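A.B. asks: There's a structure below that I have some questions on.
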Amino acid sequence: MKNRKNFRKWLLTLLLRRWLQIWQNGTRSMCVWMIDTFGNEEQRHKFCPPLCTMTKFASYCLTEPESGSDAASLLTSAKRQGDHYILNGSKAFISGGGESDIYVVMCRTGGPGPKGISCIIVEKGTPGLSFGKKEKKVSGY
Numbered sequence: 001m002k003n004r005k006n007f008r009k010w011l012l013t014l015l016l017r018r019w020l021q022i023w024q025n026g027t028r029s030m031c032v033w034m035i036d037t038f039g040n041e042e043q044r045h046k047f048c049p050p051l052c053t054m055t056k057f058a059s060y061c062l063t064e065p066e067s068g069s070d071a072a073s074l075l076t077s078a079k080r081q082g083d084h085y086i087l088n089g090s091k092a093f094i095s096g097g098g099e100s101d102i103y104v105v106m107c108r109t110g111g112p113g114p115k116g117i118s119c120i121i122v123e124k125g126t127p128g129l130s131f132g133k134k135e136k137k138v139s140g141y
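Once you know that position 91 of the sequence shown is 91 in full-length UniProt numbering, the rest is easy, because the numbers rise by one and skip nothing.
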């Protein structure tokens, strides 16, 4: 009975690890697709190769504490200041948050509703980028 219990634990751990790898691949793939489809030439050359070779990882940042995953209701704003944007807001439940190298952030640059939404790439180490406490997950990973 003990061997069977150990096998089940081992198998569950293996399946959870593989599922997490697939999930991270899906998030990374979505970020690469967005950068490749909507980014400019410089962004595509800078971000896509390291994401595709998995030397860097990306996080898709939509969910917010106040509006959940309702993109049309998001509150994070971005204001242009010279050649860059200043983002103001909070995100929640970001897969890879604090660990990723690149954050693809949905934010509001225009009026209310879906037409006022933009996507801005934020690199790890950008001044002002911070993370809350790391949540304890059910799987422990």
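Ideal Cβ placement from N, Cα and C applies to all residues, glycine included. No experiment lies behind these values; they were computed from the predicted model shown.
Going by beta-carbon coordinates alone, are V122 and C31 separated by less than 9 Å?
C.D. replies: Not a contact, by the Cβ cut-off of 9 Å.
A.B. asks: Compute the Euclidean distance between the alpha carbons of K136 and K9, then round it to the nearest angstrom.
C.D. replies: 19 Å
A.B. asks: Whose C-alpha, out of G116, G132 and T126, is nearest the C-alpha of F93?
C.D. replies: G132
A.B. asks: In the DSSP assignment, find the alpha helix (DSSP H) that holds E123 and state where it starts and stops.
C.D. replies: Here E123 belongs to no alpha helix (DSSP H); instead the beta strand (DSSP E) covers I117 to E123.
A.B. asks: Considering only residues of the segment 21-68, which uninterrupted beta strand (DSSP E) runs meet the minimum length of 3 residues and lie entirely inside it, listed in chain order?
C.D. replies: 58-61
A.B. asks: Is there a C-beta anywhere in chain C that falls below 9 Å from the one on Q43?
C.D. replies: The displayed structure is made up of one protein chain only, and chain C is not part of it.
A.B. asks: Does the distance from the CB of I120 to the CB of Y85 come in under 9 Å?
C.D. replies: At the C-beta level, I120 and Y85 come within 9 Å of one another.
A.B. asks: Let me make sure I understand the geometry here. Which of T109, N88 and G125 has the alpha-carbon closest to that of E64?
C.D. replies: N88
A.B. asks: What residue from T109, R44 and G113 has the CA that sits closest to R80's CA?
C.D. replies: The shortest C-alpha separation from R80 is found at T109.
A.B. asks: Since I believe G113 is in contact with A72 (beta carbons under 8 Å), could you give me their beta-carbon distance rounded to a whole number of angstroms?
C.D. replies: 5 Å
A.B. asks: Have a look at the DSSP bridge pairing and note the partners of L87.
C.D. replies: A78
A.B. asks: Would M106 and C48 be called neighbours here (beta carbons separated by less than 9 Å)?
C.D. replies: no
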